[in-house]
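Chain order of the listed sequences is S and E. Mapping the first sequence onto the working numbering, position 180 (from 1) lands on 180, and the numbers just tick up by one. Take the position in the second sequence, starting the count at 1, then add 1000; the result is the number in the working numbering.
Protein chains: 2
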Amino acid sequence: MLCLGVEEFLVGECGHDPCGATWIVGFSGGPDSVVLLAVLTVLAPRLGAHLEAAHVDHGLRPESAAEAADAEAFCAAWNIPFHERRADVAGLARERGIGLEDAGRLARYAFFEELRGARPNAWTALGHQRDDLAEDQIMRLIRGTGWPGLGGMAALDPSRRILRPLLMTPRSDIEAFADALSLPVVRDPSNNDPAYRRNRVRNDILPRIAAENPRHGEAVARLWRQARIDEDFLEASLPDFPDPTALPMETLAGLHPALRLRLYRRALRACGPGQALAETLFSLDAAVAKRATGRVFQFPGGKTARIGRRALVFRLKSGGSGTRENRRSH
Amino acid sequence: MLCLGVEEFLVGECGHDPCGATWIVGFSGGPDSVVLLAVLTVLAPRLGAHLEAAHVDHGLRPESAAEAADAEAFCAAWNIPFHERRADVAGLARERGIGLEDAGRLARYAFFEELRGARPNAWTALGHQRDDLAEDQIMRLIRGTGWPGLGGMAALDPSRRILRPLLMTPRSDIEAFADALSLPVVRDPSNNDPAYRRNRVRNDILPRIAAENPRHGEAVARLWRQARIDEDFLEASLPDFPDPTALPMETLAGLHPALRLRLYRRALRACGPGQALAETLFSLDAAVAKRATGRVFQFPGGKTARIGRRALVFRLKSGGSGTRENRRSH
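If you want it as structure tokens, here you go:
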């Protein structure tokens, strides 16, 4: 049942073509990734895909080496190629001046990306499920993410070749599946540490929202689906230019502000990383509407927008240092 | 300062034409409505508008009659025409089988609407401010409202002729303004009663979100503005038909699902009250895409959609009883 639902979601709804693909599964040993690995083990031969598992030992807890050995044994028993990386997450966090959670994510994604890049037609498959999506929507609401980003993380991200096959599956179904198959799962105690915003959202905010609407999980899936449809529509509504960072003033004048604002975001993304402030985008748009030729707007990450007579031109100043983009941090 | 900001918002941003308008201010005596009345008292002569105050005595607390007398005295001192209605809110709640909060809202809106309808070019002005909007966004997230409804209540609702001039003003600015002018304000103790979802959102959920992002109020305003722009864009993107409840299959086939889904909602609204389930709309859209002629879908409030060869037709079944529409409940 779970397997067929995941196949219908991944292949039917998201349009993933599994035939001949290699799925690199991010395998922490927690319930989500164990169930993802089990489900994809069933689906891979059926759909003509190839499966491998990737485990990162964060070295943050004394038992992590033993957990890595268990993960390896699990994959050996299931005949799944296993890759392990020992990362000095604490050292990376110090070196970069970031939190342990961010450093762990960096280390994992770097390893997955390395494996994925070395194989033709490979995808990274991650175990995020519907309760993670609910958290992600709240995290984005807190950060002030607009639409359609507010709908939450992608289930199929072609630019980073990431799949999230369990994104419409409630955590309770995953736990029930793991129980029914007696799958061995590791519980990471840091998931309850209130030092992390994600855990505060999970443990303090989400239960209060779920108490108001016991069917909030369905609302989460609905919002996500609407965002996906709207994102596709909005993308299709945006005109294409030879240079996405040089927007002809003539064309802008004929567009609805809803599209102009999104063209600015696209142009800024094309210049490099750095989160744009919506307030600055509103001001820029007001200036564009007034054709305030010569005005220059500054954006984070050393980017600028200059209103010219013919075009609005976005540039990265030389020496402009990119800041990490929040939307990509999941 | 506050007055100029409100004028810029109401007239500049929302496009309200105040000249010759009558503003019926919903005046509870709480800080929001007192400050709204004070601000509009300053703006009315400046903008050529006329001001009246409307107070509903809910009869739920022993002190409510005294508060009504204070409200009347305040308006007399400021030379503002004052209208009062004593409502049996508890009786209305029993009679309709609804909560006290909903019954109070019904009684207030009925009174405001009565006054508004009796005057040419009149608008009801309500004291909702930015913190109410933040609550409204969370309430809508809990209910599972989609985009652009998720952005929150309107500042200018032409269909019901409602204005919310303080919608971009933080509660803290309103309190500071009331303090600075020593305005007499009433505190309704039921605002802290956890029996109401709104109060649980206000007192338990929102402070946790604000703790994660102290600038969440700005994010609220941003999301609201984006929703307003997108709503305008989406409305402008929808084709008009002679009968909004009969959608030509030929036209539907050429539209993006993002627009088709919104056309269904518009058709359902045109049939009468009743909240549509997004799941049913997704199923309907899948059937329309497959041209499943003859299929019929049921919607709350006794409404149906039938896929014909030429058109998708929405109808209210005779005897179909309308349920109150959630989106209108604020």
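We put the beta carbon where it would ideally sit given N, CA and C, even for glycine.
Practice item. Could you say which of S/276, S/166, S/235 lies nearest to residue 31 of chain S if we only look at CA atoms? Key: Within the first sequence, the letter at position 31 stands for residue 31 of chain S. The residue among S/276, S/166, S/235 with its C-alpha nearest the C-alpha of residue 31 of chain S is S/166.
Self-check item: Option in S/43, S/28, S/86, S/142 with minimal Cα separation from residue 206 of chain S
Solution: Within the first sequence, the letter at position 206 stands for residue 206 of chain S. Per the Cα distances, S/142.
| task | Please list, in chain order, all residues of the same chain as residue 1080 of chain E whose beta carbon is under 6 Å from its beta carbon, the five residues on each side excluded. | result | Along the second sequence, one-based indexing puts residue 1080 of chain E at 80. A distance below 6 Å between beta-carbons, with the five flanking residues on each side excluded, links residue 1080 of chain E to the following residues of its chain, in chain order: 1051, 1053.
Exercise for review: Could you work out which residues of chain S lie near residue 1142 of chain E, taking near to mean beta carbons separated by less than 8 Å?
Suggested key: Here residue 1142 of chain E corresponds to residue number 142 of the second sequence, with the count starting at 1. What residue 1142 of chain E touches in chain S: 209, 212, 213, 216, 219.
Q. Is residue 1058 of chain E close to chain S, meaning its C-beta is less than 7 Å from at least one C-beta of that chain?
A. Taking the second sequence and counting its residues from 1, the one referred to as residue 1058 of chain E is at position 58. Interface criterion not met: the Cβ of residue 1058 of chain E is under 7 Å from no Cβ in chain S.
(Q) Only counting the same chain, and skipping five residues up and downstream in sequence, which positions put a Cβ closer than 6 Å to that of residue 1328 of chain E? (A) Here the question's residue 1328 of chain E lines up with position 328 in the second sequence. With a pLDDT of only 39 at residue 1328 of chain E, under 50, the local geometry of the prediction cannot be trusted, and no value is derived from it.
Practice problem: Answer yes or no: does any C-beta atom of chain E fall closer than 7 Å to that of residue 146 of chain S? | Solution: To locate residue 146 of chain S, count along the first sequence from 1; it is residue 146. Yes, its Cβ sits closer than 7 Å to a Cβ of chain E.
request  = Kindly list, in the order they appear in chain S, the residues whose Cβ is closer than 8 Å to that of residue 1337 of chain E.
outcome  = As displayed, chain E neither begins before 1001 nor continues past 1330, which places residue 1337 of chain E out of reach and without an answer.
Can you confirm whether residue 1230 of chain E, when its beta carbon is compared against all beta carbons of chain S, has any partner nearer than 7 Å? Translated into positions along the second sequence, residue 1230 of chain E becomes position 230. At least one beta carbon of chain S lies nearer than 7 Å to the beta carbon of residue 1230 of chain E.
> Do you know how far the Cα of residue 1067 of chain E is from the Cα of residue 93 of chain S?
Replying inline: Start at 1 with the first residue of the first sequence, and residue 93 of chain S comes out as number 93. Start at 1 with the first residue of the second sequence, and residue 1067 of chain E comes out as number 67. As the crow flies, the alpha-carbon of residue 93 of chain S is around 59 Å from that of residue 1067 of chain E.
request  = Identify each residue in the stretch 78 to 112 of chain S for which the Cβ-Cβ distance to at least one residue of chain E is less than 8 Å, and report them in chain order.
outcome  = Residues: none.
_Those residues which DSSP pairs with residue 163 of chain S across a bridge_ = Taking the first residue of the first sequence as 1, we reach residue 163 of chain S at position 163. Per DSSP, the beta bridge partners of residue 163 of chain S are S/125, S/156.
Within 10 angstroms of its Cβ, does residue 119 of chain S collect 16 or more other Cβ (buried), or is it exposed? By one-based count along the first sequence, residue 119 of chain S stands at place 119. With fewer than 16 Cβ atoms within 10 Å of its Cβ, residue 119 of chain S is classed as exposed.
- Query: So with Cβ pairs under 7 Å, would you call residue 1170 of chain E a contact of chain S?
  - Reply: The residue labelled residue 1170 of chain E in the question sits at position 170 within the second sequence. It does not: the Cβ of residue 1170 of chain E has no partner Cβ on chain S nearer than 7 Å.
Taking one C-beta from the stretch 232 to 240 of chain S and one from the stretch 299 to 312 of chain S each time, how about it: are there three or more such pairs within less than 8 Å?
They do not touch, by the three-pair rule.
With 16 as the cutoff for other CB atoms within 10 Å, does residue 135 of chain S come out buried or exposed?
Residue numbering aside, residue 135 of chain S sits at position 135 when the first sequence is read from its first letter. Classification of residue 135 of chain S: buried, given that the 10 Å Cβ count is 16 or more.
To the nearest angstrom, how far is the alpha carbon of residue 192 of chain S from that of residue 199 of chain S? In the first sequence, the residue the question calls residue 192 of chain S occupies position 192. In the first sequence, the residue the question calls residue 199 of chain S occupies position 199. Each residue's Cα considered, the two are about 6 Å apart.
Assign residue 4 of chain S to one of three DSSP states: helix, strand, or coil.
Along the first sequence, one-based indexing puts residue 4 of chain S at 4. It is helical.
When you compare each of S/137, S/150, S/26 to residue 163 of chain S by their alpha carbons, which one comes out closest?
-> Position 163 of the first sequence, counting from 1, holds the residue named residue 163 of chain S. Nearest to residue 163 of chain S by alpha-carbon distance, out of S/137, S/150, S/26, is S/26.
Problem - Three-way DSSP call (helix, strand, coil) for residue 1063 of chain E in this model - result: As a working note, residue 1063 of chain E is residue 63 in the second sequence. When DSSP states are grouped into helix, strand and coil, residue 1063 of chain E belongs to the coil group.
| query | Cβ of residue 205 of chain S less than 7 Å from any chain E Cβ? | reply | Within the first sequence, the letter at position 205 stands for residue 205 of chain S. Residue 205 of chain S counts as touching chain E.
Task: Contacts around residue 1029 of chain E, its chain only, beta-carbon distance under 6 Å, and the 5 residues preceding and following it disregarded - done: In the second sequence, residue 1029 of chain E corresponds to position 29, counting from 1. These residues qualify, in order along the chain: 1067, 1071, 1186.
Can you tell me the Cα-Cα spacing of residue 104 of chain S and residue 128 of chain S, whole angstroms? For the purposes of this step, residue 104 of chain S is identified with residue 104 of the first sequence, where counting begins at 1. For the purposes of this step, residue 128 of chain S is identified with residue 128 of the first sequence, where counting begins at 1. A direct Cα-Cα distance of roughly 16 Å separates residue 104 of chain S from residue 128 of chain S.
- [ ] With DSSP as the reference, label residue 1049 of chain E as helix, strand or coil.
- [x] Indexing the second sequence from 1 puts residue 1049 of chain E at position 49. Looking at residue 1049 of chain E - three-state DSSP - the assignment turns out to be coil, as it is neither helix nor strand.
Next on the checklist: If we define contact as Cβ-Cβ less than 7 Å, is residue 256 of chain S a contact residue for chain E?
Outcome noted: As a first step, residue 256 of chain S must be located in the first sequence, where it is residue number 256. Yes, its Cβ sits closer than 7 Å to a Cβ of chain E.
field: Range covered by the beta strand (DSSP E) that runs through residue 1275 of chain E
entry: As a working mapping, residue 1275 of chain E is identified with position 275 in the second sequence. Unbroken run through residue 1275 of chain E: none, as it is neither H nor E.
Requested in this report: Mark residue 180 of chain S as exposed unless 16 or more other C-beta atoms lie within 10 angstroms of its C-beta, in which case mark it buried.
Outcome: Here residue 180 of chain S is taken as the residue at index 180 of the first sequence, counted from 1. Around the beta carbon of residue 180 of chain S, fewer than 16 other beta carbons lie within 10 angstroms, which makes this residue exposed.
Practice task
Could you please give the first and the last residue of the uninterrupted beta strand (DSSP E) stretch that includes residue 315 of chain S?
Solution key: Walking along the first sequence from the start, residue 315 of chain S turns up at place 315. For residue 315 of chain S, the enclosing beta strand (DSSP E) covers residues 311 to 316.
Which residues of chain S have a Cβ atom closer than 7 Å to the Cβ of residue 1299 of chain E, listed in chain order? In the second sequence, counting from the first residue as 1, residue 1299 of chain E sits at position 299. Those within 7 Å of residue 1299 of chain E in chain S number zero; the least Cβ separation is about 16 Å.
Unbroken alpha helix (DSSP H) run spanning residue 242 of chain S, endpoints = Translated into the one-based positions of the first sequence, residue 242 of chain S becomes position 242. For residue 242 of chain S, no alpha helix (DSSP H) run applies, since DSSP gives it neither H nor E.
Report task. List the residues that DSSP assigns as beta-bridge partners of residue 1086 of chain E. Result -> Working through the second sequence from its first residue, we reach residue 1086 of chain E at position 86. Within the DSSP secondary-structure output, residue 1086 of chain E pairs in a beta bridge with E/1057.
- Could you name the residues of chain E that residue 225 of chain S contacts, counting a contact when the two beta carbons are closer than 9 Å? Residue 225 of chain S sits at position 225 when you count from the first residue of the first sequence. The answer, in chain order, is 1278, 1282.
> Which term fits residue 1033 of chain E, buried or exposed, when burial requires 16 or more other beta carbons within 10 angstroms of its beta carbon?
Replying inline: Residue 1033 of chain E sits at position 33 when you count from the first residue of the second sequence. Burial call: buried.
Q. Taking 7 Å as the CB-CB limit, is residue 233 of chain S close to chain E?
A. Mapped onto the first sequence, residue 233 of chain S falls at position 233. Answer yes: the Cβ-Cβ gap between residue 233 of chain S and chain E drops below 7 Å somewhere.
Got a sec: is the Cβ-Cβ distance from residue 1222 of chain E to anything in chain S below 7 Å?
-> What you label residue 1222 of chain E is simply residue 222 of the second sequence in a count that begins at 1. Yes, its Cβ sits closer than 7 Å to a Cβ of chain S.
key: Three CB pairs or more closer than 8 Å across the stretch 1203 to 1219 of chain E and the stretch 225 to 238 of chain S   = Contact fails: fewer than three Cβ-Cβ distances are below 8 Å.
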